[in-house]
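The structure appears below as structure tokens.
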Amino acid sequence: MLSVETSDRERVDKEPNISNFKRDKLEREAKKNWDLFYKRNTDNFFKDRHWLTREFPLLLQLNKGVILEVGCGVGNTIYPLLEECQNLFIYGCDISPRAIELVKKHDKYEAERVQAFVCDLTDPGDTLIVPPNSVDIVTCIFVLSAVSPEKMTTVLRNIFQVLRPGGHLLFRDYGLYDHAMLRFKPGHKIQDQFYVRQDGTRAFYFSTEDTARIFKEAGFETVVNDYVTRETVNKKENLSVPRIFVQSQFRKPVL
């Protein structure tokens, strides 16, 4: 499936890691770096995810229910969903106070349909305000990749607590040897599959084996777990860039 040149794989696999000092500094400053990201870009960086219901039709089957958007950013998932699904209530949480501020300033923010709040799911002491076993669907879209691998299970266990038995988690994130991973220059590799961008934000590139293992450790059942490929076209430079993502659906077991 992963049609990546062997030379590219070998090159990134052999690159040395950054120092432990820099790694630990990035971990301590994760919240600050994402807050600075939203200070610079406000709500202009990410496009609204109108594709979400096409990729995850389960969302359209939820006529009335509760959704938790993890790592909601400025609301690029929240507001398209509210437009398409009129009877939903959506919780949105993010590590960045600035992002949550921007969600609440949106002209379609209504407290009757949305509750946005700051939460660091990597911190066991920073609990979700969402009641246990109350959420029908959790969306986790390009979020877990920003978390240190050793903290991913903590994040998923926190999510697991608020998801109702039989509820689903919808996942999409960067895949192993994605074009963005191959573009990193030496000095950006934190550890295998985990990189730091110029702005200090980080990205992990998943294999389907990674996602199956991590979600199982957190208590989830796998429904679907596969790679998807897309072509991103840069019309200005006449370039076609291959992208690799992992797209999955997991379920909280029914007791």
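For what it's worth, my numbering labels the leading residue of the sequence shown as 16, then goes sequentially. C-beta: ideal position from N, C-alpha, C; glycine also.
Spatial distance of residue i from residue j (CA atoms)
{"i": "His65", "j": "Leu136", "result": "26 angstroms"}
{"i": "Thr226", "j": "Gln264", "result": "10 angstroms"}
{"i": "Phe260", "j": "Gln208", "result": "13 angstroms"}
{"i": "Pro139", "j": "Glu224", "result": "25 angstroms"}
{"i": "Thr21", "j": "Ser222", "result": "16 angstroms"}
{"i": "Thr244", "j": "Phe157", "result": "15 angstroms"}
{"i": "Thr169", "j": "Asn253", "result": "42 angstroms"}
{"i": "Asp188", "j": "Leu171", "result": "14 angstroms"}
{"i": "Pro147", "j": "Asn56", "result": "34 angstroms"}
{"i": "Thr142", "j": "Lys46", "result": "16 angstroms"}
{"i": "Gly88", "j": "Arg198", "result": "25 angstroms"}
{"i": "Ala233", "j": "Phe175", "result": "7 angstroms"}
First through last residue of the beta strand (DSSP E) which encompasses residue i
{"i": "Val256", "result": "Leu254 to Arg266"}
{"i": "Arg217", "result": "Arg217 to Phe219"}
{"i": "Gln101", "result": "It is not in any beta strand (DSSP E) - Gln101 carries neither H nor E in the DSSP assignment."}
{"i": "Leu83", "result": "Gly80 to Val85"}
{"i": "Thr154", "result": "Val150 to Ile156"}
Cβ-based neighbour list, residue i, same chain, cut-off 7 angstroms, excluding 5 preceding and 5 following
{"i": "Asn78", "result": "Asn102"}
{"i": "Asn32", "result": "Lys204, Ile205 and Gln206"}
{"i": "Ile144", "result": "Phe132"}
{"i": "Phe216", "result": "Note that residue 216 is Thr in the sequence shown, not Phe. So the qualifying residues of the chain are Asn48, Trp49, Phe52 and Ala161."}
Range covered by the alpha helix (DSSP H) that runs through residue i
{"i": "Ile33", "result": "First-last for Ile33: undefined, no H or E at that position."}
{"i": "Gln208", "result": "Element bounds for Gln208: n/a, residue is neither H nor E."}
{"i": "Ile174", "result": "Met167 to Val177"}
{"i": "Val118", "result": "Pro112 to Lys120"}
{"i": "Phe132", "result": "From DSSP, Phe132 is part of no alpha helix (DSSP H) but of the beta strand (DSSP E) over Val129 to Val133."}
{"i": "Tyr53", "result": "Ala45 to Asn56"}
{"i": "Asp138", "result": "Looking at the DSSP string, Asp138 is not in any alpha helix (DSSP H), and its letter there is neither H nor E."}
Same chain, Cβ closer than 6 angstroms to residue i, five either side skipped, listed in chain order
{"i": "Tyr53", "result": "Ser111, Arg113 and Ala114"}
{"i": "Arg266", "result": "His183, Glu236 and Val238"}
{"i": "Gly181", "result": "Val269"}
{"i": "Glu30", "result": "Pro201 and Lys204"}
Neighbourhood of residue i by C-beta, 8 angstroms cutoff - its chain only, sequence neighbours within 5 removed
{"i": "Leu97", "result": "Leu103, Ile105, Lys123, Arg128 and Val129"}
{"i": "Leu75", "result": "Thr68, Glu99 and Cys100"}
{"i": "Glu246", "result": "Ser255, Val256, Pro257 and Arg258"}
Residue i, buried or exposed, once every other Cβ within 10 Å from all chains shown has been counted against 16
{"i": "Phe186", "result": "buried"}
{"i": "Gly202", "result": "exposed"}
{"i": "Asn35", "result": "exposed"}
{"i": "Val162", "result": "buried"}
{"i": "Glu84", "result": "buried"}
{"i": "Lys251", "result": "exposed"}
{"i": "Asp151", "result": "buried"}
{"i": "Ala126", "result": "exposed"}
Within-8 angstroms CB hit, residue i to chain B
{"i": "Lys40", "result": "Chain labels in this structure do not include chain B; a single protein chain is all it has."}
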